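Accompanying notes for the structure given below.
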Amino acid sequence: MSLQCGIVGLPNVGKSTLFNALTRAGIAAENYPFCTIEPNVGVVELPDPRLGQLAAIVAPERIVPAIVEFVDIAGLVAGASQGEGLGNQFLAHIRETDAIVNVVRCFEDDNVIHVAGRVDPISDIEVIQTELCLADMATVEKALNRHTKAAKSGNDKDAARLVALLTRIRTALNQGLPARSVDLAKEEQPLLKPLCLITAKPTMFVANVGEDGFRNNPFLERLNEYAASQNAPVVAICAKMEAEMAEMSDADRQLFLAEMGQSEPGLARLIRGAFKLLGLQTYFTAGVKEVRAWTIPIGATAPQAAGVIHGDFERGFIRAQTIAFDDFIACQGEQGARDAGKMRAEGKDYRVKDGDVLNFLFNV
Numbered sequence: 001m002s003l004q005c006g007i008v009g010l011p012n013v014g015k016s017t018l019f020n021a022l023t024r025a026g027i028a029a030e031n032y033p034f035c036t037i038e039p040n041v042g043v044v045e046l047p048d049p050r051l052g053q054l055a056a057i058v059a060p061e062r063i064v065p066a067i068v069e070f071v072d073i074a075g076l077v078a079g080a081s082q083g084e085g086l087g088n089q090f091l092a093h094i095r096e097t098d099a100i101v102n103v104v105r106c107f108e109d110d111n112v113i114h115v116a117g118r119v120d121p122i123s124d125i126e127v128i129q130t131e132l133c134l135a136d137m138a139t140v141e142k143a144l145n146r147h148t149k150a151a152k153s154g155n156d157k158d159a160a161r162l163v164a165l166l167t168r169i170r171t172a173l174n175q176g177l178p179a180r181s182v183d184l185a186k187e188e189q190p191l192l193k194p195l196c197l198i199t200a201k202p203t204m205f206v207a208n209v210g211e212d213g214f215r216n217n218p219f220l221e222r223l224n225e226y227a228a229s230q231n232a233p234v235v236a237i238c239a240k241m242e243a244e245m246a247e248m249s250d251a252d253r254q255l256f257l258a259e260m261g262q263s264e265p266g267l268a269r270l271i272r273g274a275f276k277l278l279g280l281q282t283y284f285t286a287g288v289k290e291v292r293a294w295t296i297p298i299g300a301t302a303p304q305a306a307g308v309i310h311g312d313f314e315r316g317f318i319r320a321q322t323i324a325f326d327d328f329i330a331c332q333g334e335q336g337a338r339d340a341g342k343m344r345a346e347g348k349d350y351r352v353k354d355g356d357v358l359n360f361l362f363n364v
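Under UniProt numbering, the first residue of the sequence shown is numbered 1, with each subsequent residue one higher.
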């Protein structure tokens, strides 16, 4: 399934440098506002050591990892909701994404200009949130005008419910709070989805720090406190260092990480965080032709998981032969798991768990 994380932030906070490191795409990363105009889309592999463990047992011809799509979107400035800077393009592009990765500058460097003339991560976030709230407010007001008329007719029950919901959303936006801060009942979520509200999207923050900025960094400390109040995750990385590591060989990268006292690149944490932010999980198929990670929403049923492979698998679903990942490894493969009684036959109501190794039986 193709879900996208939009990388946003003020100009010159390191978005394109981060995107280059993620994708090794080599796009423009100039120290100049708006060097990114059209969004760049990159497909990034999800780091998952479980694939290697499965492959060590099955010895497949190929290994196919899960992916995450990132979109590098033009830098936003105050007034974007009124078309300032590249505001109109920015808002149109971000509206099409499924989650937001907000890159925030948490380092001092006189050689890298800041659009506001000083480094203040919370102020930067508030500039972006204000513009997104204003853009959503315009959308909500239009929807309210339209649905209020329908609700008054008394013939449209959904319109009346939507008006009540939009009124709550408008109150939050007026207070500078994102739409995602409003608690929604399960039946309200489908009503709001067609509006594609930007501030309803799940959001995470990426703190772009200097090479020595992972500890004793007041900017990072303030960001962590702010993000906690927003119930949003934070990943601290040094985009410049990650870009350098992306050009290294695997051996040199591991040596560099060891010297830095890190077990893995910061990008790995970012990619996994984005995957989780999108509400996704993986299951595996493991055969001699390929070991593959498949992407599904958390809570997907076995037929829905089968449909990711092919629609016929979902339409003709009979059952899913299921082995928990840990059991597959402990039993050294499918036959061992079967012999140990660890293979289960799951029906159409089974909700797939992260890491399940599945084989689908179907008939069409």
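For every residue, glycine included, the Cβ atom is placed at its ideal position computed from N, Cα and C.
Since the model is a prediction, treat every value here as computed from it, not as a measurement.
Review point. What is the rounded straight-line gap between the Cα of ASP354 and the Cα of ALA306?
Key: Locating residue 354 in the sequence shown gives position 354, counting from the first residue. Locating residue 306 in the sequence shown gives position 306, counting from the first residue. Between ASP354 and ALA306, the C-alpha separation is close to 14 Å.
Point to revise | Coil, strand or helix - ALA251 by DSSP | key: One-based indexing of the sequence shown puts residue 251 at position 251. In the structure shown, ALA251 sits in a helix (DSSP, three-state: H, G or I).
Practice item. Measure how close the beta-carbons of LYS289 and PRO60 come, nearest whole angstrom, since I'm counting them as under 8 Å. Key: Here residue 289 refers to the residue found at position 289 of the sequence shown. Here residue 60 refers to the residue found at position 60 of the sequence shown. Right, the Cβ-Cβ distance comes to about 6 Å (below 8 Å), so this counts as a contact.
**Study point:** Top-ranked residue by Cα proximity to PRO218, from VAL119, GLU187, LEU18 and THR282
**Key:** If you number the sequence shown from 1, residue 218 lands on position 218. Per the Cα distances, VAL119.
Check your understanding: What first and last residue would you give for the alpha helix (DSSP H) that runs through VAL140?
Key -> Start at 1 with the first residue of the sequence shown, and residue 140 comes out as number 140. Run containing VAL140: 121 to 153, per the alpha helix (DSSP H) assignment.
Practice item. Please name the residue in GLY210, ALA159, ALA274 and TYR226 whose C-alpha comes closest to that of ALA243. Key: Along the sequence shown, read from residue 1 onward, the residue named residue 243 stands at position 243. Looking at the Cα atoms, GLY210 is the closest of the given residues.
Exercise for review: Starting from the Cα of GLU126, find the closest Cα among LEU18, PHE328 and LEU173 and give me that residue.
Suggested key: As a first step, residue 126 is located in the sequence shown; it is residue number 126 there, counting from the start. Nearest C-alpha to GLU126: LEU173.
Check your understanding: Which partner residues of PRO297 appear in the DSSP bridge assignment?
Key -> As a first step, residue 297 is located in the sequence shown; it is residue number 297 there, counting from the start. In the DSSP output, where bridge partners are listed per residue, PRO297 has LEU280.
Practice item. Compare the Cα-Cα distances from PHE317 to each of ALA324, ALA286, VAL308 and PHE256 and report the closest residue. Key: On the sequence shown, position 317 is the one that residue 317 refers to. Measuring from the Cα of PHE317, the nearest candidate turns out to be VAL308.
Check your understanding: Is the beta carbon of LEU257 sitting closer than 7 Å to the one on ALA99?
Key -> To locate residue 257, count along the sequence shown from 1; it is residue 257. To locate residue 99, count along the sequence shown from 1; it is residue 99. No, these two residues do not count as a Cβ contact at 7 Å.
Check your understanding: Taking three-plus beta-carbon pairs below 8 Å as touching, is the stretch 279 to 299 in contact with the stretch 261 to 269?
Key -> no
Exercise for review: Quick one: residues in its chain with C-beta nearer than 8 Å to the C-beta of ILE298, no 5 flanking neighbours on either side, listed in chain order?
Suggested key: Against the sequence shown, residue 298 aligns to sequence position 298. GLY279, LEU280, GLN281 and ASP354.
Point to revise | PRO233 and MET204 closer than 7 Å at C-beta | key: By 1-based counting over the sequence shown, the position of residue 233 is 233. By 1-based counting over the sequence shown, the position of residue 204 is 204. The answer is yes: Cβ separation under 7 Å.
Check your understanding: Between the Cα of PHE328 and the Cα atoms of LEU18, LEU51 and VAL13, which residue gives the shortest distance?
Key -> For the purposes of this step, residue 328 is taken as residue 328 along the sequence shown, with counting starting at 1. Among LEU18, LEU51 and VAL13, the Cα nearest to that of PHE328 is on LEU51.
Exercise for review: For ILE169, name the three-state secondary structure that DSSP assigns.
Suggested key: Here residue 169 is taken as the residue at index 169 of the sequence shown, counted from 1. Helix at ILE169.
Check your understanding: Would VAL103 pass as a contact of GLY6 if the rule is Cβ separation under 7 Å?
Key -> Taking the first residue of the sequence shown as 1, we reach residue 103 at position 103. Taking the first residue of the sequence shown as 1, we reach residue 6 at position 6. Not closer than 7 Å, so no.
Practice item. Evaluate ASP48 with the Cβ neighbour count: other Cβ atoms within 10 Å of its Cβ, from every protein chain shown; 16 or more gives buried, anything less gives exposed. Key: Counting from 1 along the sequence shown, the entry for residue 48 is found at position 48. Buried, because 16 or more other Cβ atoms sit within 10 Å of the Cβ of ASP48.
Practice item. For GLU346, write down the residues that DSSP places opposite it in a beta bridge. Key: Residue 346 sits at position 346 when you count from the first residue of the sequence shown. The partner list for GLU346 (beta bridge, DSSP) reads ALA320.
Exercise for review: Tell me whether ASN174 sits in a helix, a strand or coil according to DSSP, three-state version.
Suggested key: Indexing the sequence shown from 1 puts residue 174 at position 174. Of the three classes helix, strand and coil, the one that applies to ASN174 here is helix, per DSSP.
Check your understanding: With VAL291 and VAL58 assumed to form a contact (beta carbons below 8 Å), what rounded beta-carbon distance in angstroms separates them?
Key -> For the purposes of this step, residue 291 is taken as residue 291 along the sequence shown, with counting starting at 1. For the purposes of this step, residue 58 is taken as residue 58 along the sequence shown, with counting starting at 1. Yes, VAL291 and VAL58 are in contact; Cβ-Cβ is about 6 Å, under 8 Å.
Exercise for review: Under the assumption that LEU162 contacts LEU132 (Cβ atoms under 8 Å), give the Cβ distance between them as a whole number of angstroms.
Suggested key: The sequence position of residue 162 within the sequence shown is 162, counting from 1. The sequence position of residue 132 within the sequence shown is 132, counting from 1. Actually they are not in contact, since the Cβ atoms of LEU162 and LEU132 sit about 21 Å apart, beyond 8 Å.
Exercise for review: Please classify LEU303: is it buried, with 16 or more other beta-carbons within 10 angstroms of its beta-carbon, or exposed?
Suggested key: Here residue 303 is taken as the residue at index 303 of the sequence shown, counted from 1. It should be noted that the sequence gives Pro, not Leu, for residue 303. Counting Cβ neighbours within 10 Å, PRO303 comes out buried, since at least 16 surround it.
Check your understanding: Which class does ILE73 belong to by DSSP, given the choice of helix, strand or coil?
Key -> Counting from 1 along the sequence shown, the entry for residue 73 is found at position 73. Three-state DSSP puts ILE73 in coil, outside helix and strand.
**Study point:** Residues near ALA340 by beta carbon distance below 7 Å, same chain, minus five either side
**Key:** Counted from its first residue, the sequence shown places residue 340 at position 340. The answer, listed in chain order, is CYS331.
Exercise for review: Tell me LEU191's beta-bridge partners as DSSP assigns them.
Suggested key: Numbered from 1 along the sequence shown, position 191 holds the residue referred to as residue 191. None, per the DSSP bridge assignment.
Review point. If we call anything under 7 Å between Cβ atoms a contact, is VAL68 one with ALA246?
Key: Position 68 of the sequence shown, counting from 1, holds the residue named residue 68. Position 246 of the sequence shown, counting from 1, holds the residue named residue 246. No, the Cβ-Cβ distance between VAL68 and ALA246 is not below 7 Å.
Check your understanding: Does the beta-carbon of residue 368 have 16 or more other beta-carbons within 10 angstroms, so that it is buried, or is it exposed?
Key -> With the chain represented from 1 up to 364, any question about residue 368 goes unanswered, as that position is not in the structure.
Check your understanding: Looking at C-alpha atoms only, which residue of THR97, LYS149, LYS342 and ASP156 is the closest neighbour of ASN40?
Key -> Numbered from 1 along the sequence shown, position 40 holds the residue referred to as residue 40. Comparing Cα positions, the closest option is THR97.
Practice item. Please report how far the alpha carbon of LEU22 lies from the alpha carbon of VAL71, in whole angstroms. Key: Residue numbering aside, residue 22 sits at position 22 when the sequence shown is read from its first letter. Residue numbering aside, residue 71 sits at position 71 when the sequence shown is read from its first letter. Their Cα atoms are separated by approximately 11 Å.
Check your understanding: Looking at C-alpha atoms only, which residue of ILE323, PHE360 and GLY287 is the closest neighbour of ASP312?
Key -> Residue mapping note: residue 312 aligns to position 312 of the sequence shown, counting from 1. Comparing Cα-Cα distances from ASP312 to each of ILE323, PHE360 and GLY287, the minimum goes to PHE360.
**Study point:** Of the listed residues ASN208, LYS142, ASP356 and ASP110, nearest to THR295 (C-alpha basis)
**Key:** For the purposes of this step, residue 295 is taken as the residue at position 295 of the sequence shown. When each option's Cα is compared against that of THR295, the closest is ASP356.
Check your understanding: Considering VAL235, what are the terminal residues of the beta strand (DSSP E) in which it resides?
Key -> Locating residue 235 in the sequence shown gives position 235, where the first residue counts as 1. First-last of the beta strand (DSSP E) with VAL235: 234 to 237.
Review point. Applying the criterion that 16 or more other CB atoms from any shown protein chain within 10 Å of the CB defines a buried residue, is ASN12 buried or exposed?
Key: Locating residue 12 in the sequence shown gives position 12, where the first residue counts as 1. Counting Cβ neighbours within 10 Å, ASN12 comes out buried, since at least 16 surround it.
Review point. Roughly how many angstroms lie between the CA atoms of GLU141 and ASP183, to the nearest whole one?
Key: On the sequence shown, residue 141 is found 141 positions in, with the first residue counted as 1. On the sequence shown, residue 183 is found 183 positions in, with the first residue counted as 1. Roughly 20 Å separates the two Cα atoms.
Check your understanding: Taking buried to mean at least 16 other C-beta atoms within 10 Å of its own C-beta, is TYR350 buried or exposed?
Key -> What you label residue 350 is simply residue 350 of the sequence shown in a count that begins at 1. Under this definition TYR350 is a buried residue.
Point to revise | Cα-Cα separation between PHE362 and THR285, rounded to whole angstroms | key: Residue numbering aside, residue 362 sits at position 362 when the sequence shown is read from its first letter. Residue numbering aside, residue 285 sits at position 285 when the sequence shown is read from its first letter. Going by the C-alpha atoms only, they are around 15 Å apart.
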